[in-house]
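In the numbering used here, the protein residues as written are 1192 to 1694.
Have a look at the structure below before the remarks.
Next comes the structure, spelled out in structure tokens:
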């Protein structure tokens, strides 16, 4: 590590009307270092990075590059200074190729014409630097790439710009275990190249795996700093004032688990094979597996989006092989999608209206519930209160809420219909550590009230900590079952097929 940091932010302060976002924050990252920047939502991480990237100008403080003060007043100036920020929402153009995206705005010309051959060659060279050349074609359209590969393209773009500083904002939010490991290996290679990496995450496992140093922000100030190796428990305590052990609610006792609510027997479709499982009232079952293992496909089959074509499904003993989501909703099944913004929310509508979406559409149709499912404004507000949704007003557009509060609003939407089964897909994706604990305890509260919960997550510690049982899927089948608290290694071996574990 060099004596002078590649990038240093010294005594940065920034205020917005009525809000002190940052107060005297200092932060530095050296060449070949991964410096984790952590904190709850609202702690000031995004503001700090937007100052570094030229989106905001600080009210006080300085930015130094290799020890020299620089003025970064526009994103273009940040890029020219060698600072590249990779946000959760990628800046790629889906209908252009990988090479076109990497050279967007700085295309190579030859005799006044685009030199596509040169851009393809340089794209291959950059991709080969971290082993992605074999899996990514320079001529592939970004729209045809999965999320992990799109992220590689973003990193390749940063490398091609000869970025000295790469900032990654929650880079694993949409990745599964295997894809995360590919990303980690790529970051290791950036470290070897001498790139300074600023890594923003809510996942303590990633902090332990990657970080050389950690800076914790809380309420716009530096709350703590940790050198290698960072201790996740100490980092979490600095962030939220409580220990990791307090995150997960106690597992269900035998007395709290009731009768079978949902039963699937020898069911299958084009993706799934020989699926058999039972989900009981008061129980949380976690589903683990690598991407494409069939976990989401199973949820969609139960929810009627991709119906089973063989086998049987029963809900409280009655046929429940639903052919459409509306039938599943009428039957008492709710589903929280993995991508809240794209699939679960109407961002331009209020918190209250988002909470009432399913009630307005299905409340008068859910006769099978044998109860009054009509939801008025006051009862929805009561549910939002019960979920502890934090908003200036329930008339506020939901787009302004944090991820955790958006998720709670979606839960309130389903609770209004008194579901028998709730399916959570990636329940804490993009949510900070403290809000994650709130979601885990909320899920447990719902289970204790008799709801059967099916949880699909790519965060393996989350599955182990929050679920009563863990089912592992591989190649469209359930291949193993584990009890709460099982070892990550055993689950991953079953998920990848490296060893056989009896289901």
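In this text, a Cβ means the ideal position worked out from N, Cα and C, and glycines have one as well.
Separation of residue 1509 and residue 1606 (C-alpha to C-alpha, rounded to the nearest whole angstrom) is 22 Å. Annotation: residue 1223 to residue 1394 spans about 21 Å, alpha carbon to alpha carbon.
Of the candidates 1668, 1288, 1262 and 1348, the residue whose Cα lies closest to the Cα of residue 1458 is 1668. The stretch 1358-1374 and the stretch 1305-1320 do not touch, with fewer than 3 CB-CB distances between them shorter than 8 Å.
Every unbroken stretch of the alpha helix (DSSP H) spanning 4 or more residues and falling wholly within the stretch 1199-1253 is given here in chain order: 1236-1243.
Contact between residue 1401 and residue 1417 fails: their C-beta atoms lie close to 13 Å from each other, not under 8 Å. Residue 1196 counts as buried, since at least 16 other C-beta atoms from the protein chains shown sit within 10 angstroms of its C-beta. Residue 1465 sits in coil when the DSSP states are folded into three classes, being neither helix nor strand. In this structure the stretch 1268-1276 does not lie against the stretch 1313-1324, because fewer than three pairs of beta carbons, one per stretch, are closer than 8 Å. When the Cα atoms are used, residue 1327 and residue 1277 turn out to be separated by approximately 19 Å.
Look at residue 1330 here: in three-state DSSP terms it is coil, with no helix or strand label. The beta carbon of residue 1491 sits closer than 7 Å to the beta carbons of 1497 from its chain, once the five residues preceding and following it are set aside; these are given in chain order. In this structure the stretch 1230-1241 lies against the stretch 1207-1221, because at least three pairs of beta carbons, one per stretch, are closer than 8 Å. Classified as buried, residue 1592 has 16 or more neighbouring CB atoms from the shown chains inside 10 Å of its CB. Beta bridge pairing from DSSP links residue 1585 with no other residue. CA-to-CA, the gap between residue 1601 and residue 1623 works out to about 17 Å. Per DSSP, residue 1636 is one residue of the alpha helix (DSSP H) stretching across 1624-1639. Under the 10 Å beta carbon count, residue 1296 is surrounded by fewer than 16 other beta carbons and is classified as exposed. Look at residue 1594 here: in three-state DSSP terms it is helix.
The C-beta of residue 1385 has fewer than 16 other C-beta atoms within 10 Å across all chains shown, which makes the residue exposed. For residue 1520, the enclosing alpha helix (DSSP H) covers residues 1516-1522.
The Cβ neighbour count for residue 1336, taken over all protein chains shown within 10 Å, is at least 16; the residue is labelled buried. If you keep only unbroken alpha helix (DSSP H) runs of at least 4 residues inside the stretch 1323-1389, you get 1338-1351 and 1368-1383. Here the stretch 1657-1671 makes no contact with the stretch 1510-1518; the two share fewer than three CB pairs at distances below 8 Å.
Distance from the CA of residue 1440 to the CA of residue 1641, rounded to the nearest whole angstrom, comes to 16 Å. Residue range 1501-1506 is occupied by the beta strand (DSSP E) that includes residue 1505.
Annotated as distal: residue 1614 and residue 1538, with beta-carbon spacing of 8 Å or more. A direct Cα-Cα distance of roughly 12 Å separates residue 1466 from residue 1500. The criterion of a C-beta distance shorter than 8 Å is not satisfied by residue 1227 and residue 1411. Ranked by how close their Cα comes to the Cα of residue 1504, the residues 1536, 1452, 1487 and 1550 have 1452 in first place.
Around the beta carbon of residue 1650, 16 or more other beta carbons lie within 10 angstroms, which makes this residue buried. The shortest C-alpha to C-alpha distance from residue 1198 to any of 1254, 1599 and 1247 is the one to 1254. One alpha carbon belongs to residue 1369, the other to residue 1450, and they sit about 36 Å apart. Excluding its 5 nearest sequence neighbours in each direction, residue 1294 has C-beta neighbours in its own chain below 6 Å: 1310, listed in chain order. Judged by beta-carbon spacing, residue 1527 lies beyond the 8 Å limit of residue 1645, meaning their Cβ atoms are not closer than that value.
Secondary structure of residue 1280 (DSSP, three-state): coil.
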